[in-house]
Structures are given as C-alpha cells and as structure tokens.
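Working notes, beginning with the structure itself.
Numbering (full-length UniProt numbering), first residue to last: 1 to 107.
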C-alpha cells in the first residue's frame, strides 16, 4: 500500500478499557476502537482520523491494515462503525471470510 500511511504499521493499544488500533503519523494519530470477545469476534466500534489528515486516504489505509490484522489473526469481525461499514460496502471483497455470523455488507 503506497501513500501517506503505506509503510507505517498499526499499533495495537490497550490502555484500561480502551482498545484500539492506531496509525501514528507526524500530523496525528488515526485509530479504530474495538472490543474483542472470547469467541474471537472483534467489534469495530469507532474510527477517528485527525482533521489535519482527512481526505488524504489515511482512514482507508487504516481500515485496510486492520482488516489484514483480523485476517492474519483468524478473527471474525462485526463492523459496527459507520465509516468501516461504508468502506466495506464500497469494497465488499475485502470483507470476504471476515464477517461474524449474522453480519453482512449491505448492497
């Protein structure tokens, strides 16, 4: 993945009750908040991109990196975040094999 966030890895940050994947850039940190249950379902609840990074593909890069992580860990996801749900609606192939039972990408 090329561009602003291409070679930067995501960081899994767990502080107290806060769990999130972070993409740390000089201009700020973009993140996806999540919850993980004991059955291996990861609930993606919120995505935040600093205003200074909006419109530069950082959110999409972050989501792609999170999806790669989920796939590599063998987890299933519940895309509750509206940004992630919209991303997957535009790129349904990226969700193949990752959706938890009962979740689907609308058409």
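Positions of the beta carbon are idealized from the N, C-alpha and C atoms, including for glycine. None of these values were measured; they are calculated from a predicted model.
Going by C-alpha distance, which of the options is nearest residue i?
i, options, result
"residue 61", "103, 104 and 24", "24"
"residue 98", "89, 75 and 85", "75"
"residue 83", "17, 8, 16 and 30", "30"
Taking DSSP's pairing of strands, which residues face residue i in a bridge?
i, result
"residue 32", "21 and 47"
Given a cut-off of 8 Å, decide if residue j and residue i are closer than it, judged by their beta-carbon atoms.
i, j, result
"residue 41", "residue 78", "yes"
"residue 58", "residue 66", "no"
"residue 12", "residue 21", "yes"
"residue 19", "residue 44", "no"
"residue 10", "residue 91", "no"
"residue 33", "residue 52", "no"
"residue 105", "residue 80", "no"
Tell me the residue span of the alpha helix (DSSP H) that contains residue i.
i, result
"residue 37", "No alpha helix (DSSP H) holds residue 37; DSSP gives it neither H nor E."
"residue 65", "58-73"
Starting from residue i and walking both ways along the beta strand (DSSP E), at which residues does that stretch end?
i, result
"residue 79", "76-79"
"residue 89", "Careful: residue 89 lies outside any beta strand (DSSP E), inside the alpha helix (DSSP H) at 82-90."
"residue 12", "11-15"
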